[in-house]
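Below is one structure, written out as structure tokens; comments come after it.
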Amino acid sequence: MSEQVESLIRKDYSAGFHTQIESDTLRPGLDEEVVRFISAKKEEPEWLLEWRLKAFRAWQEMEEPTWAHVSYPLVDFQALSYYSAPRSMANKPKSLDEVDPELLATYAKLGIPLHEQEALAGVAVDAVFDSVSVVTTYRAKLEEAGVIFCPISEAVHRFPELVKKYLGSVVPQKDNFYAALNSAVFSDGSFVYIPKEVRCPMELSTYFRINEVKTGQFERTLIVADEGSHVSYLEGCTAPMRDENQLHAAVVELVALDDAQIKYSTVQNWYPGDKEGKGGIYNFVTKRGLCHRNARISWTQVETGSAITWKYPSCILKGDNSVGEFYSVALTNNLQQADTGTKMIHIGKNTRSTIVAKGISAGRSQSAYRGLVRINAGAEGARNYTQCDSLLIGDRCGAHTFPYIESRNASAVIEHEATTSKVSDDQLFLCQQRGLDAEKAVSMIVNGFCREVFKELPMEFAVEAGKLLEVSLEGSVG
Amino acid sequence: MLEIRNLSARVEGNDILRQLSLSIRPGEVHAIMGPNGAGKSTLGNVLAGRPGYEVTGGEVLFHGKDLLAMEIEERAREGVFLAFQYPVEIPGVSNMEFLKAAVDARRRHLGLGELSSFDFMKLARDAAKRVNLDQAFLKRGVNEGFSGGEKKRNEILQMMLLEPSLCILDETDSGLDIDALQVVAAGVNAMRDGQRSFIVVTHYQRLLDYIVPDHVHVLAAGRIARSGSKELALELEAKGYSWLEDEGV
């Protein structure tokens, strides 16, 4: 069947257009001067510049990690530009009416209308274009509830105490090579604070767009849910089609204080490169959440884009009775490579974690699940359930599973289930014999395979995710 | 409605069908019997277009059209239905979603509009009742965790909803107990309307007590060795298949 399935996985990347817009882009290269430039550009306080420089110096001493099951030529960090902003954003627009229509049109074309009256009901959006935040919708409405949702560059000025307290508290500057790089040069990203006992009245979302050529995007997201609060947050990502690889090294930190709940969903559709593996985004991301007592952090991700994905959204279950969840669908096609999974670190008593990871490999792609479940000595009564399923489409792709389990407490209960299956000739034939064409059949089979994860997504996005899979798989049978 | 002329086909390099000819008129029920390896299942699979079944000669006209030139899904939409001997599972895809997609594909092909979800649900529930499947099966994954008998009844359910003009039943009776067999047969009989035709592939005469055929064909060594009325099936039951070989066919 492979031939048949092979040709089903092919469709053009619809978000691959480039916006013609004048940008101020920093000369390529990375040194202290660049770090100082970025900090100055954002008029940052002294402490933050020092914080960045500390990260930069640490980064210089570090080496690019090579343990992941991916292969690519090492990145030339001196060939990239570390800051790019649309020129029209130099004098920050005060309202949507002042935003460059080209920028608004870009987001509209991506299906993200930024005018509030047209926007998805009940979803507030922060739109980040290259290195800056373009606009954040529904801010007034959120502020009524006491919710802060703004670009992190702005939060540094308006809420310095909160930023200073939590920035780097979950992912320290020296955490890893890419986190250190991000800490040194991060440009923008979103900041969210949900006050005590507040249930955020709407979904929050950030939409990342890389436009400029030969730039890296280094956004930094910080979400703090104060005691007893609830928030659901979604991020989406796209980039133009380009022949050269682009680097995306983001850091996301979540802090869930006592009894708080954070649901973080990602639909990642960065440009995956062409069928021959040319171009595409290198997506090297550090995401981690810290759970205090009775808190819950839930990561849901649908990863279909990027040439290379290196990403392990994790939970540190520090507080007693806290809960961590990870639901993931990672689809690779053509020559894409993904090494993704999670870490669940059980520190508190009676902490619980659930991992459901679905990997789909098509074309000549390679997909790996890498997960760590660690039960510390003090984590009495900790529980973990891991389910890890791989689906292969065709016979030239690969799926790999690297589970690490470390338990230092005898009372822990850890379950791990793993399966590997193929979209079989028989399944395909059954569907076609009932009148479905092969593409519809494969997308239906893949959607069925992902069902457990899709049901964790906010409703508006579950449908989107299904469609995205369908598009990403097109051409894989035929 | 179906005209098979000198059809030859091979599977994995082995010639299985050798110049088989068979003509079926609207409303007829043809039983295909024969020993293991005679090519009974191959015939159904070739007609449905299953990959791996290579046609090496002959032609098949279906309602006057060249069936072998059509894609698998095109044949299905034109009205060819194959009830599988071993229905596969499709985990996570609800039976209802699957059935609606199939029915919509056929209706679009026929120039009929898609059914509303409401109308479709009504049809599906009614059909489920007729094959004695609980409503809950409609919400479960396609054949996911179904017993052998439930899977076969699910095939008949699909057949009822798709309203094909040619139904091929590939050893649908295998692995069924007598109650399930009666349910399946009743479903098939209810669909006999004088226009719809059936090819019933079976190893045993038992099924033909319930689905009474107009013609019985014995397949041996890739071609029809003998044709007759329903009495032929009884004769086979009494004598086995070896007497055919003894007669040198």
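Here the protein sequences come in this chain order: A and B. So the first sequence is residues 14 to 491, counted in the numbering used here. So the second sequence is residues 8 to 256, counted in the numbering used here. Yeah, the Cβ is synthetic: ideal placement off N, Cα and C, and Gly gets one too.
Contact under 9 angstroms by Cβ, residue i with residue j
i, j, result
"A/Gly391", "A/Lys288", "no"
"B/Glu104", "B/Arg114", "no"
"A/Asn334", "A/Thr355", "no"
"A/Glu393", "A/Asn346", "no"
"A/Tyr8", "A/Leu39", "The requested residue 8 of chain A is not part of the displayed model; chain A covers only 14 to 491."
"A/Asn307", "A/Asp272", "yes"
"A/Gly249", "A/Ser200", "no"
"B/Leu140", "B/Phe88", "no"
"A/Asp438", "B/Pro58", "yes"
"A/Pro340", "A/Val244", "The sequence shown places Tyr at residue 340 of chain A, rather than the Pro named in the question. No, they are not a contact pair."
"A/Cys328", "A/Gly337", "yes"
Cα-Cα separation, residue i to residue j
i, j, result
"A/Leu404", "A/Ala425", "30 angstroms"
"A/Ile310", "A/Thr279", "14 angstroms"
"A/Cys304", "A/Ser203", "20 angstroms"
"A/Thr299", "B/Pro98", "33 angstroms"
"B/Asn196", "B/Gly34", "11 angstroms"
"A/Ala153", "A/Arg171", "15 angstroms"
"A/Ser196", "A/Phe462", "37 angstroms"
"A/Thr313", "A/Glu240", "22 angstroms"
"B/Ile206", "B/Ala38", "6 angstroms"
"A/Pro285", "A/Phe90", "20 angstroms"
"A/Lys480", "A/Asp352", "23 angstroms"
"A/Ser378", "A/Arg409", "8 angstroms"
"B/Leu29", "B/Ala192", "24 angstroms"
"A/Glu63", "A/Lys468", "43 angstroms"
"A/Leu482", "A/Asp139", "24 angstroms"
"A/Met75", "A/Tyr220", "30 angstroms"
"B/Ala199", "B/Gly118", "What sits at residue 199 of chain B in the sequence shown is Arg, not Ala. Straight-line Cα distance between these residues: approximately 24 angstroms."
"B/Gly229", "B/Ser249", "16 angstroms"
"B/Pro220", "B/Gly235", "10 angstroms"
"B/Leu9", "B/Phe69", "5 angstroms"
"B/Leu74", "B/Glu151", "32 angstroms"
"A/Phe162", "A/Pro214", "12 angstroms"
"A/Leu348", "A/Gly292", "11 angstroms"
"A/Glu46", "A/Thr79", "28 angstroms"
"B/Gly155", "B/Gly41", "23 angstroms"
"A/Thr149", "A/Arg222", "14 angstroms"
"A/Ala395", "A/Phe190", "31 angstroms"
Cutoff 7 angstroms; reference residue i; Cβ partners in own chain excluding five residues on either side
i, result
"B/Gly194", "Arg137, Val138, Ile163, Met167"
"A/Ala412", "Gly372, Ser374, Ser380, Ser403, Leu405, Thr433"
"B/Ala16", "Ile23, Leu24, Thr49, Val53, Tyr60, Glu61, Val62, Thr63"
"B/Val149", "Glu96, Ile97, Val100, Asn102, Phe105"
"A/Cys193", "Here the sequence assigns Ala to residue 193 of chain A, which means Cys is not the residue at that position. Hits under 7 angstroms: Ala68, Ala71, Trp72, Met75, Gln186, Lys187."
"A/Val436", "Val18, Leu404, Ile406, Val455, Ile458"
Contact set between residue i and chain A, taken where Cβ atoms lie within less than 9 angstroms
i, result
"B/Ala112", "Arg447, Gly448, Leu449, Asp450, Lys453"
"B/Gly148", "Gly461, Arg464"
"B/Val53", "Within 9 angstroms Cβ-Cβ: nothing; B/Val53 doesn't reach chain A, min ~13 angstroms."
"B/Arg32", "The premise fails here: B/Arg32 is roughly 24 angstroms from chain A at the closest Cβ pair, so nothing lies under 9 angstroms."
"B/Ala169", "Looking at the sequence provided, one finds Leu at residue 169 of chain B rather than Ala. Those are Arg447, Gly448, listed as they occur along chain A."
Spatial neighbours of residue i in its chain, beta-carbon cut-off 6 angstroms, leaving aside the 5 residues before and after
i, result
"A/Glu19", "Confidence at A/Glu19 is low in this model, with a pLDDT of 40, below 50, so the placement of that residue should be treated as unreliable; the coordinate-derived value is given next. Gly407."
"B/Lys107", "Phe127"
"A/Tyr382", "Gly354, Ala370, Gly372, Cys401, Thr414"
"A/His261", "Gln230, Ile294, Asn296"
Cross-chain neighbours of residue i in chain B, by beta carbon under 7 angstroms
i, result
"A/Leu260", "Ordered by position in chain B, no residue passes the 7 angstroms Cβ test against A/Leu260, which lies about 35 angstroms from the chain."
"A/Ala440", "Before going on, a small fix: residue 440 of chain A reads as Gln here, not Ala. Within chain B, the residues near A/Gln440 are Val95, Ile97."
Contact set between residue i and chain B, taken where Cβ atoms lie within less than 9 angstroms
i, result
"A/Ser437", "Val95"
"A/Ile458", "Ile97, Pro98, Gly99, Val100"
Chain A contact residues for residue i, given Cβ-Cβ distances below 7 angstroms
i, result
"B/Glu80", "Gln445, Gly448, Leu449, Asp450"
"B/Arg57", "Phe442"
"B/Phe205", "Per Cβ cutoff of 7 angstroms: no residues; B/Phe205 is ~16 angstroms from chain A at best."
"B/Arg84", "Gly448"
"B/Leu89", "Gln446"
Partner residues on chain B for residue i, Cβ-Cβ distance less than 8 angstroms
i, result
"A/Arg409", "Per Cβ cutoff of 8 angstroms: no residues; A/Arg409 is ~18 angstroms from chain B at best."
Chain A contact residues for residue i, given Cβ-Cβ distances below 8 angstroms
i, result
"B/Gln165", "Arg447"
"B/Arg17", "Near B/Arg17 there are no residues of chain A at all, since even the closest Cβ is about 17 angstroms away, more than 8 angstroms."
"B/Leu74", "Simply none; closest approach about 13 angstroms."
Chain-order list of residues whose beta-carbon lies under 8 angstroms from that of residue i (same chain, five-residue window excluded)
i, result
"B/Lys72", "Glu85"
Every unbroken alpha helix (DSSP H) inside the stretch 131-197 of chain B [4 residues or more]: 143-146, 155-169, 185-197
Can you give, in chain order, each stretch of the alpha helix (DSSP H) that sits fully within the stretch 134-189 of chain A and has at least 4 residues? 152-157, 165-171, 173-179
In chain order, which alpha helix (DSSP H) runs of at least 4 residues are fully inside the stretch 184-223 of chain A? 190-198
Taking the runs of the beta strand (DSSP E) that are 3 residues or longer, which of them lie wholly in the stretch 32-87 of chain A? 36-38
Which parts of the stretch 408-487 of chain A are runs of the alpha helix (DSSP H), unbroken and 4 residues or longer, counting only runs that do not cross its ends? 438-446, 451-467, 472-486
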